[in-house]
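To start, the structure itself, in C-alpha coordinates.
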Amino acid sequence: MAQFNKEKVDVEEPALLIRLTDSFRYEMSEVELYDAVPPEEIRNKYNDHSVGHLISQNAQNPIKYVNV
0 MAQFNKEKVD VEEPALLIRL TDSFRYEMSE VELYDAVPPE EIRNKYNDHS VGHLISQNAQ
60 NPIKYVNV
(Lines of atoms letter the chains of each structure in order from A and count residues from 1; the text may use other names and numbers.)
(Lines give C-alpha, C1' and ligand atoms only; values in the text may rest on other atoms or scores of the structure.)
Protein backbone atom coordinates (compact mmCIF):
# COMPACT_ATOMS: atom_id res chain seq x y z
CA MET A 1 0.00 0.00 0.00
CA ALA A 2 1.36 3.41 -0.92
CA GLN A 3 2.01 5.93 1.82
CA PHE A 4 0.20 9.23 1.36
CA ASN A 5 1.60 12.13 3.35
CA LYS A 6 -0.68 15.13 3.41
CA GLU A 7 -0.08 18.43 5.13
CA LYS A 8 -1.98 18.62 8.42
CA VAL A 9 -4.66 21.27 8.65
CA ASP A 10 -6.71 22.51 11.59
CA VAL A 11 -10.43 22.84 10.92
CA GLU A 12 -11.74 26.35 11.63
CA GLU A 13 -15.44 25.85 10.89
CA PRO A 14 -17.87 23.72 12.89
CA ALA A 15 -17.49 20.28 11.35
CA LEU A 16 -18.33 16.62 11.65
CA LEU A 17 -15.30 14.49 10.79
CA ILE A 18 -15.88 10.87 9.83
CA ARG A 19 -13.03 8.39 9.62
CA LEU A 20 -13.63 6.14 6.63
CA THR A 21 -11.97 2.79 7.00
CA ASP A 22 -13.35 -0.19 5.10
CA SER A 23 -15.38 1.92 2.67
CA PHE A 24 -12.54 4.28 1.63
CA ARG A 25 -10.50 3.70 -1.52
CA TYR A 26 -7.88 6.10 -2.89
CA GLU A 27 -9.33 5.64 -6.37
CA MET A 28 -12.81 6.83 -5.30
CA SER A 29 -14.32 9.37 -7.62
CA GLU A 30 -15.11 12.88 -6.39
CA VAL A 31 -18.79 12.05 -6.69
CA GLU A 32 -18.43 8.98 -4.47
CA LEU A 33 -16.38 10.80 -1.86
CA TYR A 34 -18.14 14.16 -1.86
CA ASP A 35 -21.71 13.05 -2.43
CA ALA A 36 -22.99 14.94 0.61
CA VAL A 37 -20.41 17.55 1.48
CA PRO A 38 -20.05 21.21 2.38
CA PRO A 39 -19.97 24.02 -0.18
CA GLU A 40 -17.15 24.07 -2.73
CA GLU A 41 -15.43 26.97 -0.92
CA ILE A 42 -15.00 24.79 2.19
CA ARG A 43 -13.96 21.71 0.18
CA ASN A 44 -11.28 23.71 -1.64
CA LYS A 45 -9.90 25.02 1.64
CA TYR A 46 -9.29 21.51 3.03
CA ASN A 47 -8.81 19.44 -0.14
CA ASP A 48 -5.50 17.51 -0.23
CA HIS A 49 -4.88 18.07 3.49
CA SER A 50 -5.12 15.73 6.43
CA VAL A 51 -7.35 16.03 9.49
CA GLY A 52 -6.28 12.61 10.75
CA HIS A 53 -4.46 14.18 13.69
CA LEU A 54 -7.82 15.41 15.01
CA ILE A 55 -9.21 11.88 15.44
CA SER A 56 -7.43 9.48 17.76
CA GLN A 57 -6.07 6.45 15.88
CA ASN A 58 -7.56 4.08 18.46
CA ALA A 59 -10.89 5.87 18.82
CA GLN A 60 -13.86 3.53 19.10
CA ASN A 61 -16.10 6.08 17.43
CA PRO A 62 -15.15 7.06 13.84
CA ILE A 63 -17.03 10.35 14.21
CA LYS A 64 -15.59 13.52 15.76
CA TYR A 65 -17.29 16.88 16.22
CA VAL A 66 -14.94 19.84 15.82
CA ASN A 67 -15.68 23.44 16.87
CA VAL A 68 -19.28 22.61 17.71
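Numbering (numbering that gives the first Met the number 0), first residue to last: 0 to 67. The beta-carbon is built from N, C-alpha and C at its ideal position, and this holds for glycine as well.
Per DSSP, what kind of secondary structure is isoleucine 41 in: helix, strand or coil?
Locating residue 41 in the sequence shown gives position 42, counting from the first residue. Helix, per DSSP.
Check for me: the beta strand (DSSP E) holding valine 10 runs from which residue to which?
Walking along the sequence shown from the start, residue 10 turns up at place 11. Per DSSP, valine 10 lies in no beta strand (DSSP E) and is assigned neither H nor E.
Along the beta strand (DSSP E) that carries valine 30, what are the first and last residues, could you check?
As a first step, residue 30 is located in the sequence shown; it is residue number 31 there, counting from the start. DSSP places valine 30 outside any beta strand (DSSP E); the residue lies instead in the alpha helix (DSSP H), whose first and last residues are 29-32.
Are leucine 83 and valine 65 close, meaning C-beta to C-beta below 8 angstroms?
Residue 83 lies beyond the stretch modelled for the chain, which goes from 0 to 67, so this question has no answer here.
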